[in-house]
Amino acid sequence: MKATLEAPRIEEQARSSSFPGRSASPPPSRSLALFPPRGEQRRSDDLLSRRLAQADARVSAGAVAPTIDLARFKRDLAAFDFATPRPLPALLEWTIAQMEDGVVHVTHPHYFGLFNPAPSFPAQCADRIAAAFNPQLASSTTSPVPVEIEAHVIRSVARRAGLPAEAGGHFTTGGTEANYSALICALTEADRQFATEGARAFSGAPVFYASRDSHRAWLKIAHQAGIGRSAVRLVATDGTGRMEPDALADAVRADRAAGCVPVMIAATAGTTNAGMVDPLAECAAIARDAGLWYHVDAAWGGGLIASDRLRGHLAGVELADSVTVDAHKWLATTMGCGMFLTRRPDALSAAFHVSTSYMPSNVAAIDPYVTSVQWSRRFLGLRLFLSLAAAGWSGYGAHVEKSVALARLLEQQLAARSWRVVNDASLAVLCIEPPGGAGAVQAIVRRVVASGRAWVSEAEFEGRPIIRACVTHGRTTPEDVAALVDALDAAARDCP
Ligand SMILES: Cc1ncc(COP(=O)(O)O)c(C=O)c1O
Numbered sequence: 000m001k002a003t004l005e006a007p008r009i010e011e012q013a014r015s016s017s018f019p020g021r022s023a024s025p026p027p028s029r030s031l032a033l034f035p036p037r038g039e040q041r042r043s044d045d046l047l048s049r050r051l052a053q054a055d056a057r058v059s060a061g062a063v064a065p066t067i068d069l070a071r072f073k074r075d076l077a078a079f080d081f082a083t084p085r086p087l088p089a090l091l092e093w094t095i096a097q098m099e100d101g102v103v104h105v106t107h108p109h110y111f112g113l114f115n116p117a118p119s120f121p122a123q124c125a126d127r128i129a130a131a132f133n134p135q136l137a138s139s140t141t142s143p144v145p146v147e148i149e150a151h152v153i154r155s156v157a158r159r160a161g162l163p164a165e166a167g168g169h170f171t172t173g174g175t176e177a178n179y180s181a182l183i184c185a186l187t188e189a190d191r192q193f194a195t196e197g198a199r200a201f202s203g204a205p206v207f208y209a210s211r212d213s214h215r216a217w218l219k220i221a222h223q224a225g226i227g228r229s230a231v232r233l234v235a236t237d238g239t240g241r242m243e244p245d246a247l248a249d250a251v252r253a254d255r256a257a258g259c260v261p262v263m264i265a266a267t268a269g270t271t272n273a274g275m276v277d278p279l280a281e282c283a284a285i286a287r288d289a290g291l292w293y294h295v296d297a298a299w300g301g302g303l304i305a306s307d308r309l310r311g312h313l314a315g316v317e318l319a320d321s322v323t324v325d326a327h328k329w330l331a332t333t334m335g336c337g338m339f340l341t342r343r344p345d346a347l348s349a350a351f352h353v354s355t356s357y358m359p360s361n362v363a364a365i366d367p368y369v370t371s372v373q374w375s376r377r378f379l380g381l382r383l384f385l386s387l388a389a390a391g392w393s394g395y396g397a398h399v400e401k402s403v404a405l406a407r408l409l410e411q412q413l414a415a416r417s418w419r420v421v422n423d424a425s426l427a428v429l430c431i432e433p434p435g436g437a438g439a440v441q442a443i444v445r446r447v448v449a450s451g452r453a454w455v456s457e458a459e460f461e462g463r464p465i466i467r468a469c470v471t472h473g474r475t476t477p478e479d480v481a482a483l484v485d486a487l488d489a490a491a492r493d494c495p
C-alpha cells in the first residue's frame, strides 16, 4: 500500500490559538502535535507497529535496491514547507512508504552487502525503550541504571575477547569513533603533553601503522586528531590481504631513523573487503618491542568472539591494548552501536578527562563524558544488552556460525559454476571473480543490483577488482544463497 500526502488538517485547538502574552490560563498549544494526549499517542503507536510489520513482510518479498522515482519524491518533499502542520498518522504512513521504496534493504535476506545487518528484534525493542525514556548517559548520576548496564556489557564483551578483568571501555557511534578513541589514547600515552600541546608535544611527526587493506576511516581519524593524513602508514600486505609483519617492523624502524615518532600499530581482525585477519600475535610482539600502543580493529570480525568454534581465528586479540568491536555489524544491533574496549581504562581518563561545575558528577572511569569522545550520549548499549540477554553467547555463536556456513555454501555453489573465490574466506565474506575474468566485475555488480534480486558490491582485493558478497543477515537461508548464485550467473550471461 502506498501512502499519499493528505491535505493538511490543523488541530482545532491549535487553529484557534494566538500568542496570549501573560494570560492566566495557558494557551491551547500547537505543541500538542509534539506531545499528544496519551490515548492519541497509543493509537499512533499501534498504527506504527502494524504498518512496520506489514512493510517488513513486503520488503522481504520485493526488490533489494531502491525503486523510488526520485524526481517525484523530491517534488513531494519540497511541498513540506513546514508552514502548515500535517496529521501524524498520515505522516507515518507516508514515511514508511518512502522508506520501502527509497533505501537499499539491509533487512532483505538477499542483501549480501556491507556489514549493515538486519537488526535483531531485541535491539529494535531497545531503541523504543531508549527513545521513550531518553536518558542522558553523559553522567552516572543522571542515568545510574543505563551507565551500569553499559559498563556490564562492555566488561562482558572485553572478557569474552580475552582482555583482563580490569578492562573497560564504552559504547561508541561505530567503528570510526572507536578507532578514533584508540588513536587519541595512543597519542596521549606516547606523551601526556599531547593533551595540552597536541602534535607539538612530539619531537618529530607522530605516525601510526595499519595495513593497506585497513579501513580508510583511519585517514579521517588522523586528520581529526590533528596529526594529518600522512601520519597513516599503510603497510604492505602479504598477497593474501594480511599485514606483512616484516614490512611493519621495517616501517617502524625507518620512521624512527627519519625522526618520526611512531605511536600505534592498528592491526585489522576482519578486513572490510575480504575478512582477512592480520597476524595479531606477531603485530603485538612488534608493538611491544617498539613500545607502541597496540590496537586491534575487529569492527566486524569481532563478532567471532561469540563462537567457541570460530573465535580461534582471532587468536592474539587478547594481547591488544584496545579493541574495536561494532555491535551494529555482525552482532546485528541497530545502527550505530560500536564499542571501544581497553585493558587500560586509565588511558581513557587521561585522554578524555574534563571538569565543569554544571555536570552533576565527575568520576574518572565511571562517568562516560570523562572517559570518551561524546558528551551527551544515547543509551546505545541497551541494544546489545537485550540481544545478548535474550540469545546468550550461544545464540550469537549460532548466528555467526550460520553466516560462515552459508558463505562456505556460496563458495561451493560458485565453484560448481566456474566462479572463483580469491580470498581465504574464514569469515563470512567472499571476494569473487567471474568465470569470464575480472574485467566484467563492475558490469555484473551493476546488473545484479539493478535487477533488485540481490545486493552485492564491488571492491578490490590485492589490487584486483572483485565482487564482494557478505553473509551477515540472520534470516538468510540456503535458498537465498542459491538465488544469489542465479542472479550472478544471469548477470554474467547478459554481460557483453
Ligand atoms: C574493519 C572496519 N573498521 C572500521 C569500520 C568503520 O566502522 P563504522 O562504519 O561503524 O564507523 C568498518 C566499517 O565497515 C570496518 O569494516
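Taking numbering that gives the first Met the number 0, the leading residue of the sequence shown gets 0, the next gets one more, and so forth.
Just so it is clear, CB atoms sit at the ideal spot from N, CA and C, and this is done for glycine as well.
Cβ-heavy atom distance, residue i to ligand 1, below 7 Å
i, result
"residue 203", "no"
"residue 104", "no"
"residue 113", "yes"
"residue 422", "no"
"residue 302", "no"
"residue 454", "no"
"residue 501", "No answer is possible for residue 501: it lies beyond the span of the chain, which begins at 0 and ends at 495."
"residue 214", "yes"
"residue 274", "no"
"residue 133", "no"
"residue 488", "no"
"residue 500", "Since the first residue shown for the chain is 0 and the last is 495, residue 500 is missing from the structure and cannot be characterised."
"residue 267", "yes"
"residue 174", "yes"
Of the residues the options, the one placed nearest residue i, counting alpha carbons only
i, options, result
"residue 358", "65, 135, 200", "135"
"residue 188", "422, 482, 252, 294", "294"
"residue 69", "62, 97, 222", "97"
"residue 322", "133, 485, 184", "184"
"residue 477", "443, 364, 403, 419", "403"
"residue 333", "385, 301, 320, 300", "385"
"residue 160", "443, 106, 318", "318"
"residue 190", "378, 72, 469, 350", "350"
"residue 316", "340, 335, 326, 327", "340"
"residue 406", "284, 365, 468, 444", "468"
"residue 114", "123, 120, 103, 121", "103"
Same chain only: Cβ atoms within 7 Å of residue i, ignoring 5 sequence neighbours per side
i, result
"residue 361", "354, 369"
"residue 400", "306, 308, 309"
"residue 493", "446"
"residue 423", "239"
"residue 176", "337, 372"
"residue 259", "203, 204, 206"
"residue 375", "135, 137"
"residue 40", "none"
"residue 500", "Nothing about residue 500 can be reported from this structure: the residues present for the chain run from 0 to 495 only."
"residue 225", "197, 198"
"residue 255", "261"
"residue 230", "204, 205, 206, 207, 221"
"residue 227", "221"
Residue-level contact to chain C via CB, residue i, 8 Å cutoff
i, result
"residue 257", "Among the protein chains of the structure shown there is no chain C, as only one such chain exists."
Residues near residue i by beta carbon distance below 6 Å, same chain, minus five either side
i, result
"residue 233", "211"
"residue 381", "125, 129"
"residue 108", "472, 474, 475, 479"
"residue 251", "261, 289"
"residue 3", "Its pLDDT being 47, under 50, residue 3 is placed unreliably by the model, and the measurement read from it follows with that caveat. So the list is empty, once near-sequence residues are dropped."
"residue 209", "217, 265"
Residue i in three-state terms, based on DSSP
i, result
"residue 169", "strand"
"residue 378", "coil"
"residue 98", "helix"
"residue 277", "coil"
"residue 477", "helix"
"residue 299", "coil"
"residue 440", "helix"
"residue 114", "coil"
"residue 430", "strand"
"residue 337", "strand"
"residue 64", "coil"
"residue 372", "coil"
Same chain only: Cβ atoms within 8 Å of residue i, ignoring 5 sequence neighbours per side
i, result
"residue 22", "With a pLDDT of 46 at residue 22, under the threshold of 50, the predicted position of this residue should be treated as unreliable, though the coordinate-derived value follows. Counting only Cβ-Cβ distances below 8 Å, and skipping sequence neighbours, we find nothing."
"residue 35", "43, 87"
"residue 387", "152, 155, 395"
"residue 20", "Reliability of the predicted coordinates at residue 20 is poor, the pLDDT of 38 falling under 50, and no value is obtained from them."
"residue 141", "134, 135, 359"
"residue 441", "457, 464"
"residue 427", "274, 329, 399, 402, 403, 405, 406, 469, 470, 471"
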